[in-house]
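Asker: Chains A and B, in that order, are what the protein sequence lines are.
Just so you know, we're using the numbering used here here: the first sequence kicks off at 25 and counts up by one.
Just so you know, we're using the numbering used here here: the second sequence kicks off at 1337 and counts up by one.
All residues carry an ideal CB built from backbone N, CA and C; glycine is no exception.
Have a look at the structure that comes next, please.
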Amino acid sequence: MLPDYPEVKRKAEQDLMKWAQKAVPKLEPILANIGRFRQHEGTEWAIHYADEDKEVRGYEEFKSEIELTRQEQRVLSIHRLKEIVATVANDLARQQSKLMMSRIQAEAEDPEGVITGITGEDGPPTKDDFLEAMRNRDFTFNPETGEPEGQFLIVPSEEAAMRMKEWEDDEEFMKERERIMDEKRREWRARENRRKLVD
Amino acid sequence: MLERIVENWLTSASERTFEVPFTQLLASEGHQVLQGPVHHAFEQGKDIITLNDDGELCAHQLKNGGGQLRLGELREHQDQLTTLSRSAVSIPALPENRQPDRVFFVTNRTLTPPARDLIQQLSEANRGLDYPGIELVEKDSLLGRFVDGHGDFFPSEPEDISSFLQLFLSGGKGELRAEPLLQFLEHLLPFEGEDVSVAECERAAAAAALFTAYALAPWTRRENHLEIARGWLFLASQILRLAATHDVEADAWEDSYNLAYQAARVSLQDLLEEAADREDLVVPGITESLVYGVRALRVCGACAALLLSEELAGHDHSLRADVRTLLNRECSFMGTMGEAGAPLVFLVAWAFGELGNYTLPVSLISGWASDLVRGNHPSSEEGIPDPYHSVREVQLARLTKDHTFLDEEQFTGKSYTFHIAVEWLARRLLRQTTSSLWPGATRIDQMEHWPRVPDGFFRYRDPNAQLQMGRFPVPTSWSELISAANKTNRNHIPDLLWERPELLPLLLLVFPHRFTSSYAGALDHLLTGAGELVDPDEIQQQEDEEEATEDQGE
């Protein structure tokens, strides 16, 4: 057997993998909003709802591969290794983002879902469609800044994003949007005031 | 190699540390243990009393030490030897006092020829007066018996030998880590396989007890009582796991289990005696202040667990004064580091209740809950780590600059013990105290792992466990909270523990992550009468039967 340095390799591999895991939310910002935890036992989890309903779920596996030639294994620098591991991070980010989008899609199509899907009757959603969707959902706000938080808007394309940007030039639209947000702030405060022990 | 390990251990074992494995050895050789190894006030020179296979009453006196046992030293014990052989045995297990049929002087040393002559002379004198002769058991014969006692149960895989040696060669000053000991026991005890015989379980449990004694040798030499107790509690838990896995009758494993439990109990008594006797718990060092709070919590928690266990076992109240002294002195210094410390906080709270102090428990539990609702609030920067990270692990992670689990895991927004504190307060109708935890309480996910009962419960990590998550509803009804807090699902605790309630407080010293709502509810009910134990399966069955009866009526 040739001499080896298993401790060094193990530490380096661990550090590279941790670096890749940390990079994932930065590569797909939508994932940065998702909380994380480690499940220490078992592979199933259950959510207990207030109405005593319970939902049991499992986990999806994500994996990505790295291929290195023997020649590469002779010469790669740590910098170059990081670049290669970055492709793993990108791949994992893509897989997780894809799964998340499919779950969002399913939730948006569910009439009782917590995600609001904005669709137009014949074609892309209009300003009125957008405002109506705002009226029909709950918002949360930062108690200090008063700004909306914990939500994000996912648009299907660059074109759609640009179209929505143009809406901001419409004074009437912006006024109505602000009016709805003020109403939503009042609703949010009322909900927050219910976070108490009652009889 | 086994012989070298046993010899190494035997040479340095004191009487106290030798008692348990020697008792286990006797049990493996067919003796029925009537007394030992817990010390009793009126021993009359008899450390261990048994009935052998032939029904003979045997009394054993243990005398350990280093080097050869010479005549002069033996003469100092001559009176004890006389008492050993000439006084009747008077113990609850015997219907009436009686002379032992056989008497043994057991030592880990080798006697010099003159010392052996003295034993011979005493024996002849005894026989002349119709008393039993004194049978000598020395180092070499002990060594052979211990080696034989393991039978086929010696680790053969390199990983298991490595786990065992990792323990055997430890310094003994630090915490006894669960992983090497449990990994070793995992492979020694026959958890796998379906056709495991009762005899195999019995032999395996006995061998496991002997190996645990050897593995704990470093901590034993240091008299690190808490870690010795934890080692024996790990063994006790794995014996129960064996019983649960194969549904084995108690005869096959109860002797070994009882020895482990008694050994833990004795070690905790030693811890209490040492801790209560001191002015403080300082182990001098320049960085001592960084660890003192955690040591105070662990020692107070362990002694509280002992007190509560003794109560549940119906033992006498002789510990109370020392526990009171210790808790009153050290309570204000207790510091937690992670939710792994939460069970200890609760144990101390219950102990104060047992001692008649009803305000401190509320302060302790509400303080813990406040720390959690603040520390694990979603907007908090760094949450309080979950109970799957030991106190030692959390301490080290906070000190080191290396990447640790603190970087990888998120603890904010969730907690494993917050809801347990809320339920504890609700059972005591402390609405105002509980209200102060709202609205933050509604922002924290309550987490629990439910292992598969019964065998998964005693696994350190159960691959079949299911994680449960939930939140307090908005708004939260106080009356519903009380109602839920007062119902404990008894099916979440294995029957093996219901049959041994004295183990419930002690098990938390080694399995803090098993401290769930049901576990806390069970302890609260057993200790204070709070709440009730319910069997949802039974309730469901009754409801189904009522429904069926109604349908028939219609």
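1) Just to confirm, are W1786/B and Q1802/B a CB contact at a threshold of 7 angstroms?
2) Alpha carbon to alpha carbon, how far is P1799/B from D39/A? Give it in angstroms, no decimals.
3) Determine the direct distance from the alpha carbon of N114/A to that of A214/A, and round the result to whole angstroms.
4) List, in order along the chain, the chain A residues whose C-beta lies closer than 9 angstroms to that of Q1416/B?
5) Could you tell me which chain A residues have their CB closer than 7 angstroms to the CB of Q1746/B, listed as they occur along the chain?
6) Out of curiosity, what's the CA-to-CA distance linking R1566/B and K87/A?
7) For C1394/B, list the residues DSSP reports as bridge partners.
8) Tell me whether I142/A is buried or exposed, calling it buried when 16 or more other Cβ atoms sit within 10 Å of its Cβ.
9) Which of the three DSSP states is assigned to A70/A in this structure?
10) Beta carbon of T1740/B: closer than 6 angstroms to some heavy atom of the ligand HEM?
11) Compare the Cα-Cα distances from D1390/B to each of Q1368/B, G1865/B, E1409/B and report the closest residue.
12) So which of C1639/B, E1729/B, E1675/B, H1413/B has the shortest CA-CA distance to L1691/B?
13) Less than 7 angstroms between CB atoms is the rule here; does T1386/B satisfy it with respect to chain A?
14) Let's test the definition: count the other Cβ atoms within 10 Å of the Cβ of W1568/B and tell me whether it reaches 16, buried, or not, exposed.
15) Within this structure, are the beta carbons of Q1360/B and L1546/B separated by less than 7 angstroms?
16) Taking the alpha carbon of V1758/B as the reference point, which residue from F1669/B, F1808/B, S1498/B has its own alpha carbon closest?
17) Can you check whether the C-beta of A1377/B is within less than 7 angstroms of a C-beta belonging to chain A?
18) Exposed or buried, what is M186/A when buried is set at 16 or more other beta-carbons lying within 10 Å of its beta-carbon?
19) Suppose only complete runs of 4+ residues qualify. What are the alpha helix (DSSP H) ranges in the stretch 1804-1878 of chain B, listed by chain order?
20) Excluding five sequence neighbours on each side, which residues of the same chain lie with their C-beta closer than 7 angstroms to the C-beta of W69/A?
21) For E192/A, which of helix, strand or coil comes out of DSSP?
22) Going along chain A, which residues have a C-beta under 8 angstroms from M1673/B?
23) Who pairs with P172/A in a beta bridge, going by DSSP?
24) At a Cβ threshold of 7 angstroms, is V1439/B touching chain A?
25) Using 7 angstroms as the threshold, is the C-beta distance between M1673/B and V1730/B below it?
26) Cα separation between G1749/B and A132/A?
27) Give the DSSP-derived three-state secondary structure of M1673/B in the structure shown.
28) What did DSSP end up calling L1405/B once you bin it into helix, strand or coil?
29) Under 7 angstroms between the Cβ atoms of P1468/B and S1421/B?
30) What residues of chain A sit near Q1804/B, judged by a beta carbon separation below 7 angstroms?
31) Would you report the Cα separation of A1424/B and I1385/B, rounded to the nearest angstrom?
32) By a C-beta neighbour count over all protein chains shown, 10 Å radius and 16 as the cutoff for buried, is M41/A buried or exposed?
33) Can you tell me whether W1774/B is buried or exposed? The criterion is at least 16 other CB atoms within 10 Å of its CB, across all chains shown.
34) Quick one: list the residues of chain A neighbouring R1728/B, beta-carbon separation under 7 angstroms, in chain order.
35) Would you list, in chain order, the members of the stretch 204-222 of chain A that have their beta-carbon closer than 8 angstroms to a beta-carbon of chain B?
Answerer: On the basis of the data shown:
1) Numbered from its first residue, the second sequence carries residue 1786/B at position 450. Numbered from its first residue, the second sequence carries residue 1802/B at position 466. Their beta carbons are under 7 angstroms apart, which means W1786/B touches Q1802/B by this criterion.
2) Here residue 39/A refers to the residue found at position 15 when the first sequence is read from its first residue. Here residue 1799/B refers to the residue found at position 463 when the second sequence is read from its first residue. C-alpha separation (whole angstroms): 27 angstroms.
3) Translated into positions along the first sequence, residue 214/A becomes position 190. Translated into positions along the first sequence, residue 114/A becomes position 90. Distance between the alpha carbons of A214/A and N114/A is about 42 angstroms.
4) For this step, residue 1416/B is matched to residue 80 along the second sequence. Here the premise fails: no neighbours, minimum Cβ distance about 52 angstroms.
5) To locate residue 1746/B, count along the second sequence from 1; it is residue 410. The answer, in chain order, is G59, R60, F61.
6) As a first step, residue 1566/B is located in the second sequence; it is residue number 230 there, counting from the start. As a first step, residue 87/A is located in the first sequence; it is residue number 63 there, counting from the start. About 39 angstroms.
7) Walking along the second sequence from the start, residue 1394/B turns up at place 58. T1386/B, R1438/B, per the DSSP bridge assignment.
8) Taking the first sequence and counting its residues from 1, one reaches residue 142/A at position 118. It is buried - the Cβ of I142/A has at least 16 other Cβ atoms within 10 Å.
9) Counting from one through the first sequence, the residue named residue 70/A turns up at place 46. Three-state result, A70/A: strand.
10) Summarising the ligand content, the structure contains no ligands, and the ligand HEM is consequently not present.
11) As a working note, residue 1390/B is residue 54 in the second sequence. The candidate whose alpha carbon is nearest that of D1390/B is Q1368/B.
12) Looking up residue 1691/B in the second sequence gives position 355. Comparing Cα-Cα distances from L1691/B to each of C1639/B, E1729/B, E1675/B, H1413/B, the minimum goes to C1639/B.
13) Here residue 1386/B refers to the residue found at position 50 of the second sequence. Chain A, which has no Cβ nearer than 7 angstroms to the Cβ of T1386/B, makes this no.
14) Here residue 1568/B refers to the residue found at position 232 of the second sequence. By the 10 Å Cβ count, W1568/B comes out buried.
15) Position 24 of the second sequence, counted from the start, is the residue given in the question as residue 1360/B. Position 210 of the second sequence, counted from the start, is the residue given in the question as residue 1546/B. Yes, these two residues count as a Cβ contact at 7 angstroms.
16) Within the second sequence, numbered from 1, the residue matching residue 1758/B stands at position 422. When only C-alpha atoms are compared, the closest one is F1808/B.
17) Taking the first residue of the second sequence as 1, we reach residue 1377/B at position 41. Model confidence at A1377/B stands at a pLDDT of 44, short of 50, so the residue's coordinates are unreliable and nothing is read from them.
18) As a position in the first sequence, residue 186/A is number 162, starting the count at 1. So M186/A counts as exposed.
19) 1814-1821, 1831-1834, 1839-1843, 1853-1864
20) Mapped onto the first sequence, residue 69/A falls at position 45. The residues are Q63, R81.
21) As a first step, residue 192/A is located in the first sequence; it is residue number 168 there, counting from the start. E192/A: coil per DSSP, three-state reduction.
22) For the purposes of this step, residue 1673/B is taken as the residue at position 337 of the second sequence. Residues of chain A passing the Cβ test: none, with the nearest at roughly 18 angstroms.
23) As a position in the first sequence, residue 172/A is number 148, starting the count at 1. Paired residues: F165/A.
24) The count along the second sequence starts at 1 and reaches residue 1439/B at position 103. Not an interface residue.
25) By 1-based counting over the second sequence, the position of residue 1673/B is 337. By 1-based counting over the second sequence, the position of residue 1730/B is 394. Against a cut-off of 7 angstroms, the Cβ pair of V1730/B and M1673/B comes out as a contact.
26) Translated into positions along the second sequence, residue 1749/B becomes position 413. Translated into positions along the first sequence, residue 132/A becomes position 108. G1749/B and A132/A: Cα-Cα distance of roughly 25 angstroms.
27) In the second sequence, residue 1673/B corresponds to position 337, counting from 1. Coil.
28) Residue mapping note: residue 1405/B aligns to position 69 of the second sequence, counting from 1. Residue state, collapsed to three classes: strand.
29) Within the second sequence, the letter at position 132 stands for residue 1468/B. Within the second sequence, the letter at position 85 stands for residue 1421/B. Against a cut-off of 7 angstroms, the Cβ pair of S1421/B and P1468/B comes out as a contact.
30) For the purposes of this step, residue 1804/B is taken as the residue at position 468 of the second sequence. Those within 7 angstroms of Q1804/B in chain A are A70, H72.
31) Your numbering for residue 1424/B matches position 88 in the second sequence. Your numbering for residue 1385/B matches position 49 in the second sequence. When rounded, the distance between both Cα atoms is 12 angstroms.
32) Within the first sequence, numbered from 1, the residue matching residue 41/A stands at position 17. So M41/A ends up on the exposed side.
33) Sequence index remark: in the second sequence, residue 1774/B carries index 438 (1-based). Buried, by the Cβ-count rule.
34) Along the second sequence, one-based indexing puts residue 1728/B at 392. Here the premise fails: no neighbours, minimum Cβ distance about 17 angstroms.
35) R215, E216, R218, R219, K220, L221, V222
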